[in-house]
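Have a look at the structure below before the remarks.
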Amino acid sequence: MQQNNTKQLLGIALRLLIICTVIATIVAFVNYVTKDKIELNQKISTAEALTGIYGSDFNGAKFTVEGDSYVMKDENGNVVVSCEEADCEKKPDVTNLYMLRDADGNALSFCVAISPMGFKDKISMLVAINPTVGVKAVKIVSLSETSGIGTKVQEDDFLDKFVDKSSPIVGNVDTISGATKSSKPVIGAVETALEQVALYTNSKGGAE
Amino acid sequence: MTNNKPTLKARLFEGLFDKNPILVQLLGTCPTLATTTSLQNGFGMGVSAMAVLILSNLLISLLRKFIPKQVRIAAYIVIISGFVTAVELLIKAYLPELDKSLGLFIPLIVVNCIILARAEAYASKNGPVDSMLDGLFMGLGFTFALSLLGAIREILGAGTLLGFNVMWPSYKPMLIFVLPAGAFLTLGCLIAAVNAIQNYAKKKSGGKQ
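Taken in order, these protein sequences are the chains called A and B. Here the first sequence stands for residues 677 to 884, where the numbers follow the numbering used here. Here the second sequence stands for residues 726 to 934, where the numbers follow the numbering used here.
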């Protein structure tokens, strides 16, 4: 009797294992087909957001994806600005710290990619910072907040409040009435981005 | 001997109206209320769930004699979650805009009770073609209800439809309609309307007899 039960249980486990293997194979195949495209889409979104921030400074030129970095080229195809990831210790929610350099390799600005938790899901945003002045611009890359309420955090009326401000941001920029749970994380993220740049510049001894 | 199998047209009508998973069976209310803030979101969610429904119904039907009865629900969940992950990856790759607007709700299709209900009630007892058709018709009914709900809420709550302004310039959007309370109100009104239409249709057909 005992042996029959064990046999039955093993049979069930084996069948479940086969089902799991079939499903895992299907998911692995779809992942193999889509992973490069997904990575490229994320880079294109970042390039578009970078263009939104810096495009007007360079006659509306656009950033394009080139391998792991982003470059802005002039009409003749010469690189005007390049944006590369800086290697450093990252603060919570910070996904990347980019450094913008001109064609001669001089540092122009920092851009922090940060994803704080919003009301529904993570808000992916870029914070452009000039260390000597403060925040240059804030751009929302993607969000899943409530349409018409939480989505107000991506409007210029709100994001322009951060321009030229330096730390402390929290307390100096008001949350959006009715969208507190979406705007508060954005304000906190700008503060974190400033701290991230300060951490990087201090670690490099202000060399940049 | 008569063949009682309903025609494709009758099954389509059942999925869309008579047995609509949202408006009649009240299944999957959670994603319905959460994602229908706009027509695009409602339609995108409906189509995503429909794809999972068709594929999971097909595989569950093919494996119906192989899946042990004692652990069938666990097996269904594994199959459904696998297809949801596949659909999520495909949306991320080829429809990034839709992925941005639906975000967290795509993975939550796993716990959509319409899919599990159709797996248990239909796919586990019928052949693969019939099960796929059941997934298609129920999915169409789900998409129809979500799109209708999304369109009404977007028009009243934001004054737009698919992002275009459709209301007069002085129209002040009623924000409550993009909030959960507005979702309940709109769904309630739609269910009342469907019930009224069904009652009217019953009376009419009863009168004829």
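Cβ coordinates follow ideal geometry from the N, Cα and C atoms, glycine included. Predicted, not measured: the structure shown is a model, and the values here were computed from it.
Please classify residue i as buried or exposed, where buried requires at least 16 other C-beta atoms within 10 Å of its C-beta.
i	result
B:Phe768	buried
B:Thr868	buried
B:Phe902	buried
B:Ile798	exposed
B:Ser930	exposed
A:Ser967	Outside the shown range of chain A (677 to 884) lies residue 967 of chain A, about which nothing can therefore be said.
A:Gln872	buried
B:Gln765	buried
A:Lys815	buried
B:Asn924	exposed
B:Cys914	exposed
A:Leu685	exposed
Would you say residue i lies against chain B (beta-carbon separation less than 9 Å)?
i	result
A:Ala700	yes
A:Gly731	no
A:Thr710	yes
A:Ile790	no
A:Asp797	yes
A:Cys696	yes
A:Gly753	no
A:Ile852	no
A:Lys857	no
A:Thr822	yes
Which same chain residues, not among the five before or five after residue i, have their C-beta less than 7 Å away from its C-beta?
i	result
A:Glu884	Caution is warranted here: a pLDDT of 45 is assigned to A:Glu884, below 50, making its placement in the model unreliable, and no coordinate value can be reported.
A:Ser859	Val829, Phe834, Thr851 and Ile852
B:Gly852	Ser786
B:Ile816	Ser773, Leu823, Asp824 and Ile831
B:Leu900	Gly882
Answer with yes or no whether the minimum CB distance from residue i to chain A is below 9 Å.
i	result
B:Val903	yes
B:Thr810	yes
B:Gln934	Because B:Gln934 carries a pLDDT of 47, less than 50, the predicted location of this residue cannot be relied on, and no value is offered for it.
B:Tyr819	yes
B:Lys825	yes
B:Thr911	no
B:Thr762	yes
B:Pro853	no
B:Leu758	no
B:Gly769	no
B:Pro894	no
B:Leu900	yes
B:Leu815	yes
Could you tell me whether any Cβ in chain E is nearer than 9 Å to the Cβ of residue i?
i	result
B:Thr754	Among the protein chains of the structure shown, namely A and B, there is no chain E.
Taking 8 Å as the limit between beta carbons, can you name the residues of its chain near residue i, skipping five residues before and five after?
i	result
B:Leu858	Leu733 and Arg736
A:Ser749	It is Lys, not Ser, that sits at residue 749 of chain A in the sequence shown. The residues are Ala737, Thr740, Val755 and Val756.
May I ask you to list, following chain order, the residues of the region 808-820 of chain A that have a beta carbon less than 7 Å from some beta carbon of chain B? Ser818 and Ser820
When Cβ atoms are compared, which residues of the region 781-808 of chain B fall closer than 9 Å to chain A? Leu784, Leu788, Phe791, Ile792, Pro793, Gln795, Val796, Ala799, Ala800, Val803, Ile804, Ser806, Gly807 and Phe808
Scan the region 858-891 of chain B for residues whose Cβ lies nearer than 7 Å to a Cβ of chain A and list them as they occur along the chain. Legend: CB atoms of the region 858-891 of chain B lying less than 7 Å from CB atoms of chain A belong to residues Gly882 and Ala883.
At 4 residues or longer, and completely inside the region 821-863 of chain A: list those alpha helix (DSSP H) runs for me, N to C. 832-835
Scan the region 680-694 of chain A for residues whose Cβ lies nearer than 7 Å to a Cβ of chain B and list them as they occur along the chain. Ile688, Arg691 and Leu692
Which residues, in chain order, does the region 827-840 of chain B contribute to contact with chain A at a C-beta distance below 9 Å? Leu827, Gly828, Leu829 and Phe830
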